Structures are given as structure tokens and as C-alpha cells.
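**Q** Residue numbers (numbering that gives the first Met the number 0): 0 to 232.
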Amino acid sequence: MAEDIFEDMTRGWDDSRCGGGIWWDKNQTALVAIANELFLSVVAHLATRVHHKANHYHSWATKGWYWFKKTGMINERNNVNDGIDLKTCQNNRGIVWSYNQGVILGALVELSRASAIPDYSFISQAHTIAFVAINTLADEKGILHDPCEPDCGADGPQFKGIFMRNLQILHKVAPRVEYQIFIEENARSIWQNAKNEKDQFGVNWVGPFAGPALASTQSSALDALVAAAAIRR
Numbered sequence: 000m001a002e003d004i005f006e007d008m009t010r011g012w013d014d015s016r017c018g019g020g021i022w023w024d025k026n027q028t029a030l031v032a033i034a035n036e037l038f039l040s041v042v043a044h045l046a047t048r049v050h051h052k053a054n055h056y057h058s059w060a061t062k063g064w065y066w067f068k069k070t071g072m073i074n075e076r077n078n079v080n081d082g083i084d085l086k087t088c089q090n091n092r093g094i095v096w097s098y099n100q101g102v103i104l105g106a107l108v109e110l111s112r113a114s115a116i117p118d119y120s121f122i123s124q125a126h127t128i129a130f131v132a133i134n135t136l137a138d139e140k141g142i143l144h145d146p147c148e149p150d151c152g153a154d155g156p157q158f159k160g161i162f163m164r165n166l167q168i169l170h171k172v173a174p175r176v177e178y179q180i181f182i183e184e185n186a187r188s189i190w191q192n193a194k195n196e197k198d199q200f201g202v203n204w205v206g207p208f209a210g211p212a213l214a215s216t217q218s219s220a221l222d223a224l225v226a227a228a229a230i231r232r
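Structure (C-alpha cells):
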């Protein structure tokens, strides 16, 4: 199934517009970071699991990564912006969302594993993105925020959890005390300050709890709590 999904994704790869990348949708309306980060993550995971096709998937993974890097979506500060301006094929200077900083971390970890000889340049790049993301998106207490707070719509409340999950993946293979402190502080604030009497979580992890409590706010907070639990194992 994963292989079939990936093959469908490759049909969205377009060398004729901006030199590559997969489109956001079948109507080819946008080239955005998240679609291409997920593409990279899927194929890098396949490269480490489908051994008889490892070279095929690794080739796609490196192609996807070097295209992504070349576009400038990782800006001069090492934040990942939201996508590409189709008129210029350059960074669109869109919002720096936490999930765009997160998915790429897990993808780079897996790409490092997929290399025949471990390539620590991918881990180094992941560390750079992670540290800058924390400095950019965390407040003075070290608690993570997205620019949409307090009203992040239906999917926005999920974004921070995605970052925390992938930061823990990076920490597992290349530990940094700063990551441990950050993850634990966010988990502590969520549990102590951002939940109601029903153990429902809000979008703002500083607290106090403010509704609505959604599946996305709940799963996002759980991602952070699970990340903290994983660090303590």
C-alpha cells in the first residue's frame, strides 16, 4: 500500500515547473513545503524498508531533498517557509508553521538511515532547522506557538504536535539536552496549564485552557506528551 501511494505521488512530480517537486493538488495550483516534505518522508522510509528497491527509493529521496533545498524554501534563517512563488520559483515568504519545521526533521533522519554510508550532513541540517524553529516559534518560557493562535481553524491546532513528534525522532538518534528540556517543558505546561477538568486540551499550551477542544488539539497535545514520555524511557 505504501509503495502504491508513493507511485501515485510520483505522478505529481513536475520537472517543467520550477525544476521539480510534487504539486499540492491534482489541479497543480501550488508547490508547497508540506507536500514535498511528506513526499521525502515517505520515500526515505521506503528506502529503509523495501530492501530490493532500496536504490530506487534512495534515488528518489535524494532527488526530492536536493530539489527542496535548491528552491530556497529553507530561508536564510533556516526556517522553512510555506512554499514557492510560482511566478519566480523562489521562496514565497509564507508563514513559518511549526509542522513544516517538524516533518522535515523526521524525513532527514530517515534519509540519513537510507544512505549506504551514514550521511551525517542530513542530521546536521535537521539540527539547524530544529534549533532555529525553537528560537523562532517558542516564547520566553520555551513554549511552542503557531502564528494562528488562538484561532487555528480545523487543522492548525495539529501543527505543533507534528513538530514535537519529529523533534523526538531527531533527539532519539542525535540527542541534545536542549531538545529534552524543550519537550519536557512543553509537556509540563500542557498538563498543568492547558487542560480542563475533562482532560481536554486547548490550542495554546501556555494556558489557561480555552476551547474549543477538538480532535486536533487533543492529538497535538498527546504528541507532545508522548514525546516527553519517550525521552524518559
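All C-beta atoms in this analysis are idealised placements derived from N, C-alpha and C, irrespective of residue type, glycine included. This structure is a prediction, so every number in the text was calculated from the model and none was measured.
Taking C-alpha atoms, which residue in 19, 133, 8 lies nearest to residue 96?
**A** Residue 133 is the option with its Cα nearest to residue 96.
**Q** Could you pull the DSSP bridge partners for residue 199 from this structure?
**A** Looking at the DSSP assignment, residue 199 forms no beta bridge with any residue, so it has no partner.
**Q** Strictly by DSSP, which residues pair up with residue 25?
**A** Residue 25 is not bridged to any residue.
**Q** Is residue 205 helix, strand or coil when you go by DSSP?
**A** Three-state result, residue 205: coil.
**Q** Could you round the C-beta distance between residue 57 and residue 125 to whole angstroms and report it? I think they count as a contact, below 8 angstroms.
**A** No, residue 57 and residue 125 are not in contact; Cβ-Cβ is about 18 angstroms, not under 8 angstroms.
**Q** Look at the Cβ atom of residue 77, then the Cβ atom of residue 131, and state whether they are nearer than 8 angstroms.
**A** Result yes, Cβ atoms of residue 77 and residue 131 sit closer than 8 angstroms.
**Q** Could you tell me if residue 159 is buried or exposed, where buried requires 16 or more neighbouring beta carbons within 10 angstroms of its beta carbon?
**A** Buried is the call here.
**Q** Using DSSP bridges, identify the partner residues of residue 12.
**A** According to DSSP, residue 12 bridges with 21.
**Q** Who are residue 83's beta bridge partners in DSSP?
**A** Note: residue 83 sits in a beta bridge opposite 90.
**Q** Within its chain, find whatever has a CB closer than 6 angstroms to the CB of residue 12; leave out the 5 residues flanking it on each side and keep chain order.
**A** Answer for residue 12: 21, listed in chain order.
**Q** Residues bridged to residue 194 by DSSP?
**A** Residue 194 pairs with 200.
**Q** Tell me the DSSP bridge mates of residue 31?
**A** Partner(s): 82.
**Q** According to DSSP, is residue 143 part of a helix, a strand, or is it coil?
**A** Reduced to three states, the DSSP call for residue 143 is strand.
**Q** Using 10 angstroms around the beta-carbon of residue 145, count the other beta-carbons present and answer buried if the total reaches 16, otherwise exposed.
**A** The residue is buried, with at least 16 neighbouring Cβ atoms inside 10 Å.
**Q** Taking 8 angstroms as the threshold, find out whether the segment 219–226 comes into contact with the segment 189–203 through three or more Cβ pairs.
**A** Output reads yes: the segment 189–203 touches the segment 219–226.
**Q** Can you check DSSP and say which residues form a bridge with residue 73?
**A** Looking at the DSSP assignment, residue 73 forms a beta bridge with 79.
**Q** Looking only at DSSP bridge pairs, what is residue 137 linked to?
**A** The partner list for residue 137 (beta bridge, DSSP) reads 143.
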